Amino acid sequence: MVVKNLFLCVFTFTLWLNIGFAQGFFPSIPPDSVRLHIAFPAEGDTLNSNRVRYAGSALPTAKVWVQGIETKVYPSGAFVGLASLDEGINAIDFRVEDTLGSLRESLIVFRKPERKTFAEIPTAVDPDGMKPASDVYLSHRDKLEVEFWGSPGGQAIFSIDKIAKNVQMMEMPGKSSNSGSGHYKGLVVIPNLIEYKPKEIKFKFRGKNGRRIKFRSAGKVNILSPVLPLIGVTIDSINLILTKPDGEIWMVLPAGIKIEIIARQNAVSKVRLAEGIVGFTASKNLRILPPGTPFPSASIGSIGTLENSNWVKIRVNVSHKVPFEIQQILDPAALEVTFFRSRLAPQWIMYPRDDETIRTISWRQESSEEFVLRIELNQKQQWGYLGRYIGKQFWLNIRKAPVLSTQPDSTLKKVIITIDPGHGGKFEGAVSATGLFEKEVNLQYAARVAGLLRAEGAAVFMTRTQDTTMTLRSRIDAARAVNSHIFISLHNNSIGASTNPLRTRGASTYYTVPQSQEIAKDIYHRLLDLGLEPFGRVSSTYYVTRQTDLISLIVEAAFMTHPEDEMLLLDNEFLDEMAAAVAAGIKDFVVKQTPNRDKPEIPKLW
Ligand SMILES: [Zn+2]
Numbered sequence: 143m144v145v146k147n148l149f150l151c152v153f154t155f156t157l158w159l160n161i162g163f164a165q166g167f168f169p170s171i172p173p174d175s176v177r178l179h180i181a182f183p184a185e186g187d188t189l190n191s192n193r194v195r196y197a198g199s200a201l202p203t204a205k206v207w208v209q210g211i212e213t214k215v216y217p218s219g220a221f222v223g224l225a226s227l228d229e230g231i232n233a234i235d236f237r238v239e240d241t242l243g244s245l246r247e248s249l250i251v252f253r254k255p256e257r258k259t260f261a262e263i264p265t266a267v268d269p270d271g272m273k274p275a276s277d278v279y280l281s282h283r284d285k286l287e288v289e290f291w292g293s294p295g296g297q298a299i300f301s302i303d304k305i306a307k308n309v310q311m312m313e314m315p316g317k318s319s320n321s322g323s324g325h326y327k328g329l330v331v332i333p334n335l336i337e338y339k340p341k342e343i344k345f346k347f348r349g350k351n352g353r354r355i356k357f358r359s360a361g362k363v364n365i366l367s368p369v370l371p372l373i374g375v376t377i378d379s380i381n382l383i384l385t386k387p388d389g390e391i392w393m394v395l396p397a398g399i400k401i402e403i404i405a406r407q408n409a410v411s412k413v414r415l416a417e418g419i420v421g422f423t424a425s426k427n428l429r430i431l432p433p434g435t436p437f438p439s440a441s442i443g444s445i446g447t448l449e450n451s452n453w454v455k456i457r458v459n460v461s462h463k464v465p466f467e468i469q470q471i472l473d474p475a476a477l478e479v480t481f482f483r484s485r486l487a488p489q490w491i492m493y494p495r496d497d498e499t500i501r502t503i504s505w506r507q508e509s510s511e512e513f514v515l516r517i518e519l520n521q522k523q524q525w526g527y528l529g530r531y532i533g534k535q536f537w538l539n540i541r542k543a544p545v546l547s548t549q550p551d552s553t554l555k556k557v558i559i560t561i562d563p564g565h566g567g568k569f570e571g572a573v574s575a576t577g578l579f580e581k582e583v584n585l586q587y588a589a590r591v592a593g594l595l596r597a598e599g600a601a602v603f604m605t606r607t608q609d610t611t612m613t614l615r616s617r618i619d620a621a622r623a624v625n626s627h628i629f630i631s632l633h634n635n636s637i638g639a640s641t642n643p644l645r646t647r648g649a650s651t652y653y654t655v656p657q658s659q660e661i662a663k664d665i666y667h668r669l670l671d672l673g674l675e676p677f678g679r680v681s682s683t684y685y686v687t688r689q690t691d692l693i694s695l696i697v698e699a700a701f702m703t704h705p706e707d708e709m710l711l712l713d714n715e716f717l718d719e720m721a722a723a724v725a726a727g728i729k730d731f732v733v734k735q736t737p738n739r740d741k742p743e744i745p746k747l748w
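Heads up: the sequence shown runs through residues 143 to 748, numbered per the numbering used here.
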């Protein structure tokens, strides 16, 4: 499981026959009582959907009914499926019959009711569902959307001083075609206003019975001055700039970068990086600077290079810390750094003539506000980069390729690999139907992967060798501390609370930075060779895969939540094969990077 740590409590229901077994003790093999363990959902869970998956286990020979319908029991004893939910309180009924008797248990879960619809008459509105709910900051030409909930079939208008007068709102259609939903929406485009005192939105609503209600928004509309721009500075060490308010991650900015804010709505700020280039970030990431703070802009000065045994470092003198974006290009291998609101001051560039890493450094003024530095590389495979400000200098560190061994018996010598068994300690990860913890499976196969890589000469570091609680950041920091070339986080997957557990299974690998694409492919192919279903080689973004200074990826070998995948994960021999496949994928990748070497036939598996 990648996305979140499920804080699931696994309620292992140890239930006893009420005849003949007076004292309780843990079931052992052979069992002497009817067995029923429910792993998911947990008693008291609240769900937002009309169905919930269930997962549990019984004796492999048992018969199990859920909500009165018989469900398949797998040879592991696992049973999974979907139960439908009504709004409010639901009791999910489990019944098991095995050679020792029968047992019935029910589990209470809660489904959140949908928004209560108002009666058409008497006329009413909901004071809580109004938008905007808090102050908004907008600029000329921005769109402001307003909405509220009330009795269906009414008519609504809104006004904002100097911005909108009696603008008609539309009622969204209801579930049945002949009734409205009672959800009213309106839109206005902000006109050009030089000075504006914050004002509320005034709504007027007339219900079907002719009753009129007037009310005002809780938040006020503020118009940002085109003369005195609103400037914010990033405060966190990691600030994500998104392409849309709920869109993809576009760039990651460090602390101390000044950005022009052009709108603020619903805890999201719209920022302008350069003329015509806008992105979105959480408002809490930005501290507003006093009015009159000048626009962020910079002139780019001289450029030079330094190097040590692991890195080539490009130093760029920059007059101010401006937002920047780094793009990695695979073919031809290059890095491009765009500095926004920046111009070149006539200077010089110095770099070593016969550098093994850097081929050329060039620049262009992409537009009047975008300065682009382009570094073409001699490395076919890139191994990492890190762009950051140190004082008034911008440094782009480019990781040198490891000097790979050409000896066939020590292919991985000089390669430093961090193996990260996902989750651990209080972060349990996914839990399977029979109660297997992902954190435990991850640790088991990770240790085997590490052993295989060491046998090939790699320097291997494990982020944890025990059931330790660790943050994602501390895992990456640990990899950095040993100067890792490759960071691999090993997991097993799971599905959400309302997904069909029998539909989703198989292997997947995840990467974000282009340099990690090749190894993600190699490991994925090796996992598929084992017979695991193809779930996908995914370009996506997670904390550990977003790191640019090393090759980083996540491997999700199989699904904890699929009963057949789970049986594989319960099998020690399969864990050996899975570990061998991951290690073989890493080796495939490294072998391809070895220069001037007669590439041996890659064995199918170790
Ligand atoms: Zn996981």
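Glycine residues also receive a C-beta, built at the ideal position from the N, C-alpha and C atoms.
Keep in mind the model is a prediction, meaning the values are calculated, not measured.
Spatial neighbours of residue i within its chain, please: C-beta separation below 6 Å, excluding the five flanking residues on both sides.
{"i": "Val222", "result": "Ala197, Ala575, Pro643, Pro705"}
{"i": "Glu122", "result": "As displayed, the chain neither begins before 143 nor continues past 748, which places residue 122 out of reach and without an answer."}
{"i": "Glu478", "result": "Gln469, Val514, Arg516"}
{"i": "Ala543", "result": "Gln521, Trp525"}
Quick one: residues in its chain with C-beta nearer than 8 Å to the C-beta of residue i, no 5 flanking neighbours on either side, listed in chain order?
{"i": "Leu431", "result": "Ile373, Gly374, Val375, Lys400"}
{"i": "Gly443", "result": "Val458, Asn459, Val460, Ser461, Ala487, Gln489"}
{"i": "Tyr326", "result": "Glu289, Phe290, Trp291, Gly292, Gly296, Ala298, Met311, Met312, Glu313, Met314, Phe347"}
In the DSSP assignment, find the unbroken alpha helix (DSSP H) run with residue i in it and report its ends.
{"i": "His325", "result": "Run containing His325: none in the alpha helix (DSSP H); it sits in the beta strand (DSSP E), 322-331."}
{"i": "Met720", "result": "714-735"}
{"i": "Ser650", "result": "Segment 649-653 is the beta strand (DSSP E) holding Ser650; no alpha helix (DSSP H) there."}
{"i": "Leu486", "result": "From DSSP, Leu486 is part of no alpha helix (DSSP H) but of the beta strand (DSSP E) over 484-486."}
{"i": "Ser616", "result": "614-623"}
{"i": "Pro544", "result": "From DSSP, Pro544 is part of no alpha helix (DSSP H); its letter is neither H nor E."}
In the DSSP assignment, find the beta strand (DSSP E) that holds residue i and state where it starts and stops.
{"i": "Tyr279", "result": "278-280"}
{"i": "Glu313", "result": "312-315"}
{"i": "Pro676", "result": "676-681"}
{"i": "Val363", "result": "354-365"}
{"i": "Gln297", "result": "297-302"}
{"i": "Glu582", "result": "Per DSSP, Glu582 belongs to no beta strand (DSSP E); it is in the alpha helix (DSSP H), 580-597."}
{"i": "Met393", "result": "391-395"}
{"i": "Val375", "result": "372-376"}
{"i": "Met604", "result": "601-604"}
{"i": "Glu698", "result": "693-701"}
Going by CA-CA distance only, name the one from the options that's closest to residue i.
{"i": "Ile365", "options": "Ile336, Tyr326, Phe252, Asp497", "result": "Ile336"}
{"i": "Gln521", "options": "Phe182, Gln470, Asp730", "result": "Gln470"}
{"i": "Glu508", "options": "Glu498, Arg530, Arg485, Ser318", "result": "Arg485"}
{"i": "Leu245", "options": "Pro255, Ala204, Gly271", "result": "Ala204"}
{"i": "Lys463", "options": "Leu472, Asn452, Leu477, Pro438", "result": "Pro438"}
{"i": "Val697", "options": "Gly673, His633, Asp730", "result": "His633"}
{"i": "Leu121", "options": "Glu580, Leu595, Ser636, Gly564", "result": "Shown here, the chain extends from 143 to 748; a query on residue 121 therefore has no answer."}
{"i": "Asp497", "options": "Leu519, Asn584, Arg606", "result": "Leu519"}
{"i": "Phe536", "options": "Pro396, His282, Ile380", "result": "Pro396"}
{"i": "Pro387", "options": "Ala405, Leu227, Ile380, Ser694", "result": "Ala405"}
{"i": "Val732", "options": "Thr605, Ser547, Asp235", "result": "Ser547"}
{"i": "Thr641", "options": "Arg617, Arg193, Lys356", "result": "Arg193"}
{"i": "Gly566", "options": "Gln608, Leu594, Ile234", "result": "Gln608"}
{"i": "Arg253", "options": "Gly230, Lys412, Thr259", "result": "Gly230"}
{"i": "Thr385", "options": "Lys734, Leu415, Ala275", "result": "Leu415"}
{"i": "Val309", "options": "Leu286, Lys214, Arg237, Glu239", "result": "Leu286"}
{"i": "Leu178", "options": "Leu189, Ser191, Ala220", "result": "Ala220"}
{"i": "Ile561", "options": "Lys568, Phe603, Lys734, Pro436", "result": "Phe603"}
{"i": "Gly434", "options": "Leu370, Lys339, Pro269, Arg237", "result": "Leu370"}
In chain order, what residues of the same chain have a beta carbon less than 7 Å from the beta carbon of residue i, not counting five sequence neighbours either side?
{"i": "Gln165", "result": "Note that Gln165 has pLDDT 34, beneath the 50 cutoff, so the model's placement of it is unreliable and the number below is only indicative. Correct list: empty, nothing qualifies."}
{"i": "Glu239", "result": "Ala204, Lys205"}
{"i": "Ser170", "result": "Here the model assigns Ser170 a pLDDT of 46, short of 50, so the residue's position is not dependable, and the following value carries that caveat. Contacts found: none."}
Mind checking who residue i pairs with in its DSSP beta bridge?
{"i": "Gly210", "result": "For Gly210, which the question treats as bridged, DSSP gives no partner whatsoever."}
{"i": "Val267", "result": "Gly292"}
{"i": "Tyr216", "result": "Note: Tyr216 sits in no beta bridge, so no partner."}
{"i": "Phe221", "result": "Gly198"}
{"i": "Gln470", "result": "Leu477"}
{"i": "Gln535", "result": "Asn459, Ile532"}
{"i": "Gln507", "result": "Phe513"}
{"i": "Thr502", "result": "Glu518"}
{"i": "Asp235", "result": "Ser248"}
{"i": "Glu256", "result": "Looking at the DSSP assignment, Glu256 forms no beta bridge with any residue, so it has no partner."}
Notebook entry, point to check: Three or more C-beta pairs closer than 8 Å, one from the region 672-681 and one from the region 637-655: is that the case here?
Noted result: yes
Next item on the list: Would you check if the region 659-667 and the region 722-734 touch, i.e. whether three or more CB-CB distances between them fall below 8 Å?
Entry: yes
Next item on the list: Decide if the region 591-601 is in contact with the region 547-558; the criterion is three or more beta carbon pairs, one per stretch, under 8 Å apart.
Entry: yes
Checklist line | Segment contact, 8 Å Cβ cut-off, at least three pairs: the region 563-583 with the region 622-629 | finding: no
Check: Per the contact definition of three or more C-beta pairs closer than 8 Å, is the region 308-318 in contact with the region 282-298?
Finding: yes
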